[in-house]
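A quick write-up on the structure given underneath.
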Amino acid sequence: KAGVTQTPRYLIKTRGQQVTLSCSPISGHRSVSWYQQTPGQGLQFLFEYFSETQRNKGNFPGRFSGRQFSNSRSEMNVSTLELGDSALYLCASSFSGNNEQFFGPGTRLTVL
Amino acid sequence: KQEVTQIPAALSVPEGENLVLNCSFTDSAIYNLQWFRQDPGKGLTSLLLIQSSQREQTSGRLNASLDKSSGRSTLYIAASQPGDSATYLCAVRSQDQAGTALIFGKGTTLSVSS
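Chains P and L, in that order, are what the protein sequence lines are. Per the working numbering, the very first residue in the first sequence carries number 56; after that it's consecutive. Per the working numbering, the very first residue in the second sequence carries number 9; after that it's consecutive.
Okay, here's the thing in structure tokens:
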């Protein structure tokens, strides 16, 4: 069974640009969650999608948005990038959200 | 607001030693608790999931316990190996979340020397 995949693995952007990250969950999983990991703040929850609906949202500005497609794949978008957005962005999938979470390898975003 | 703390932040042990990693949380109303391992620059690997009704879970050399009333969990690693070197993260899912957010501790970085 294939694991959670994330693309791209690495991204370099400049301030003010926007970026879109993609996540493909484990087959059969309907919940996809996104997390931001930085050395200072650790892992912080961004949002969770279930059956194409945002079910939960963390404490991040509106520049961070996401969506989920009918095949459960999810995308995360960050607009007007800031230097502080440099981080490892991790996607996790689970069957229904309250079950065991499985994480992808992450996308390393560097904002210059 | 749920907060998760992991002590110590770093731990160095010689190969073969048994060790315990600690995790504490402030709100005992949790759905479950999950332990992860993270290698440098990589994603998280799930090690063990303990439901709120369970006291412990075991997988190979790993044993995780949960004491909800005291807000504590421990991860016991038996006969440590250099390959166990990684950062270990504890995460809880609180009952008061409308969805499924995991609240993470900052992790314990383990180094096992041969």
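A virtual CB, placed ideally from N, CA and C, is assigned to each residue, including glycine.
Per-residue DSSP class, three states only, for residue i
i: Pro90 of chain L; result: helix
i: Gly139 of chain P; result: helix
i: Val59 of chain P; result: coil
i: Ile81 of chain P; result: coil
i: Ser132 of chain P; result: Strictly speaking, residue 132 of chain P in this sequence is Asn, with Ser absent from that position. Residue state, collapsed to three classes: strand.
i: Asn40 of chain L; result: strand
i: Gln65 of chain L; result: strand
i: Phe112 of chain L; result: strand
Alpha-carbon spacing of residue i relative to residue j, whole angstroms
i: Pro16 of chain L; j: Asn30 of chain L; result: 7 Å
i: Thr162 of chain P; j: Gln92 of chain P; result: 10 Å
i: Ile81 of chain P; j: Phe157 of chain P; result: 8 Å
i: Leu76 of chain P; j: Arg64 of chain P; result: 9 Å
i: Asn126 of chain P; j: Ser151 of chain P; result: 14 Å
i: Leu164 of chain P; j: Asn153 of chain P; result: 28 Å
i: Phe100 of chain P; j: Leu138 of chain P; result: 19 Å
i: Ala87 of chain L; j: Val21 of chain L; result: 11 Å
i: Ala147 of chain P; j: Ala18 of chain L; result: 26 Å
Counted within 10 angstroms of its Cβ, other Cβ atoms place residue i as buried (16 or more) or exposed
i: Asn40 of chain L; result: buried
i: Phe124 of chain P; result: exposed
i: Ala37 of chain L; result: exposed
i: Gln96 of chain P; result: exposed
i: Thr135 of chain P; result: exposed
i: Leu56 of chain L; result: buried
i: Val28 of chain L; result: exposed
i: Thr116 of chain L; result: buried
i: Glu25 of chain L; result: exposed
i: Glu107 of chain P; result: exposed
i: Leu110 of chain L; result: buried
i: Thr13 of chain L; result: exposed
Those residues which DSSP pairs with residue i across a bridge
i: Thr13 of chain L; result: L:Ser32
i: Leu164 of chain P; result: P:Leu66 and P:Ala142
i: Gly71 of chain P; result: DSSP lists no partner for Gly71 of chain P.
i: Leu83 of chain L; result: L:Leu29 and L:Ala72
i: Arg7 of chain P; result: Because chain P spans 56 through 167 in this model, residue 7 of chain P falls outside it and cannot be assessed.
i: Leu97 of chain L; result: L:Phe44
i: Phe158 of chain P; result: P:Ala147
i: Leu76 of chain P; result: P:Met131
i: Ser78 of chain L; result: Answer is none; Ser78 of chain L lacks a bridge partner.
Endpoints, beta strand (DSSP E) assigned at residue i
i: Ser20 of chain L; result: Ala18 to Pro22
i: Glu103 of chain P; result: Gly97 to Phe105
i: Thr108 of chain L; result: No beta strand (DSSP E) contains Thr108 of chain L, which DSSP labels as neither H nor E.
i: Ala72 of chain L; result: Leu70 to Asp75
i: Asn111 of chain P; result: Thr108 to Lys112
i: Ser121 of chain L; result: Thr116 to Ser121
i: Ser88 of chain P; result: Ser86 to Thr93
i: Ser54 of chain L; result: Leu52 to Gln59
Contacts of residue i in chain A (Cβ-Cβ under 9 Å)
i: Ser88 of chain P; result: Absent here is chain A; the protein component of the structure consists of chains P and L.
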